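The structure appears right after this line, and notes come after that.
What follows is the structure in structure tokens.
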């Protein structure tokens, strides 16, 4: 009788262990890899063939006076981007116009740093580090919405060691496309001498660096008048 009891007990214990292992494997299998998260972001990004949008850029950076500017943005898949502005506009292209198409395992080290809550939304935290030292961005950390698969926040460390944090607010267009309507960029001003993209294209007239004690600067960008998938001629993107 005792042998029968112990046999059943051992059998139930073994069954319990198998069930626990099964749940463990299922839970592990449901977790996405860094590459999976990136592919979902790329898939969402690929749904839009092209768009134009008007940006209203307001800058609040100590020691630097830049009037509010309007910038018209043209984008066409897979990687065509053109900006039009009357006069100088301070805009951190390194983080504001991230194109996930250019991220791959051959060119970037990828790490999934877990999940976090951002403005009440669950987000994957993805770190990307360029393998090529010539790339002007040292590191990117992207918070990706787990439901909408869009970038909620991007932290960029530029080739100069400058830190830029950009947070995005979204709205749904045409009942299917989640696009940013506002971006707030916080800029580390220690030794700030301008964003690399504008330093190269337009030059940076003020060669004096900001003080280490300078408070973080802020750039607020409002997105207006989206035109989505209406077609953009390639001539728009040809260099003048």
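Numbering (the numbering used here), first residue to last: 27 to 266. Note that beta-carbon positions come from the ideal geometry of N, C-alpha and C, so glycine has one too. None of the values given here were measured: they were computed from a predicted structure.
Worksheet item: Nearest to residue 208 by CA position, among 146, 80, 261 and 185, is which residue?
Response: Within the chain shown, the letter at position 182 stands for residue 208. Ranking the options by Cα distance to residue 208, first place goes to 80.
Worksheet item: For residue 60 versus residue 116, is the C-beta distance shorter than 8 Å?
Response: Residue numbering aside, residue 60 sits at position 34 when the chain shown is read from its first letter. Residue numbering aside, residue 116 sits at position 90 when the chain shown is read from its first letter. Their beta carbons are not under 8 Å apart, which means residue 60 does not touch residue 116 by this criterion.
Worksheet item: Is it the case that the Cβ atoms of residue 100 and residue 262 are separated by a distance below 8 Å?
Response: Position 74 of the chain shown, counting from 1, holds the residue named residue 100. Position 236 of the chain shown, counting from 1, holds the residue named residue 262. Yes, these two residues count as a Cβ contact at 8 Å.
Fill in: Where residue 95 falls: helix, strand or coil (DSSP)
Within the chain shown, numbered from 1, the residue matching residue 95 stands at position 69. DSSP places residue 95 in strand when its eight states are reduced to three.
Item to complete: Leaving aside the five residues before and after residue 39 along the sequence, list all residues of the same chain whose C-beta is less than 6 Å from its C-beta, in chain order.
Response: As a working note, residue 39 is residue 13 in the chain shown. Caution applies to residue 39, whose pLDDT of 49 falls short of 50 and renders its modelled position unreliable; the value that the coordinates give is listed next. No residues qualify anywhere along the chain.
Discussion item. Just to confirm the assignment: which complete alpha helix (DSSP H) runs, minimum length 4, are found wholly within the region 100-159?
Written reply: 119-122
Worksheet item: With a cut-off of 8 Å, do at least 3 Cβ pairs link the region 120-140 to the region 151-165?
Response: yes
Fill in: In DSSP terms, what residue 206 is bridged to
For the purposes of this step, residue 206 is taken as residue 180 along the chain shown, with counting starting at 1. The partner list for residue 206 (beta bridge, DSSP) reads 196.
Practice prompt. Would you kindly work out how many angstroms separate the C-alpha atoms of residue 205 and residue 126, rounded to a whole number?
Written response: As a first step, residue 205 must be located in the chain shown, where it is residue number 179. As a first step, residue 126 must be located in the chain shown, where it is residue number 100. If I take the Cα positions, the gap works out to 15 Å.
Worksheet item: What are the start and end residues of the alpha helix (DSSP H) that includes residue 85?
Response: As a first step, residue 85 is located in the chain shown; it is residue number 59 there, counting from the start. Not the alpha helix (DSSP H): residue 85 falls in the beta strand (DSSP E), residues 76-86.
Fill in: Which of helix, strand or coil DSSP assigns to residue 249
What you label residue 249 is simply residue 223 of the chain shown in a count that begins at 1. Of the three classes helix, strand and coil, the one that applies to residue 249 here is strand, per DSSP.
Worksheet entry | Beta carbon of residue 183 nearer than 8 Å to that of residue 189 | Counting from one through the chain shown, the residue named residue 183 turns up at place 157. Counting from one through the chain shown, the residue named residue 189 turns up at place 163. Yes, these two residues count as a Cβ contact at 8 Å.
Discussion item. Per DSSP, what are the beta-bridge partners of residue 303 in this structure?
Written reply: Given that the chain is displayed from residue 27 to residue 266, the structure contains no residue 303 and the question cannot be resolved.
Discussion item. On the criterion of 16 or more Cβ atoms from any shown chain inside 10 Å, does residue 171 qualify as buried, or is it exposed?
Written reply: Counted from its first residue, the chain shown places residue 171 at position 145. Buried, by the Cβ-count rule.
Worksheet entry | Those residues which DSSP pairs with residue 261 across a bridge | Sequence index remark: in the chain shown, residue 261 carries index 235 (1-based). None, per the DSSP bridge assignment.
Discussion item. For residue 107 and residue 163, what's the separation of their Cα atoms in angstroms?
Written reply: The sequence position of residue 107 within the chain shown is 81, counting from 1. The sequence position of residue 163 within the chain shown is 137, counting from 1. Cα to Cα, the separation comes out at about 18 Å.
Discussion item. On the criterion of 16 or more Cβ atoms from any shown chain inside 10 Å, does residue 161 qualify as buried, or is it exposed?
Written reply: Along the chain shown, one-based indexing puts residue 161 at 135. The residue is exposed, with fewer than 16 neighbouring Cβ atoms inside 10 Å.
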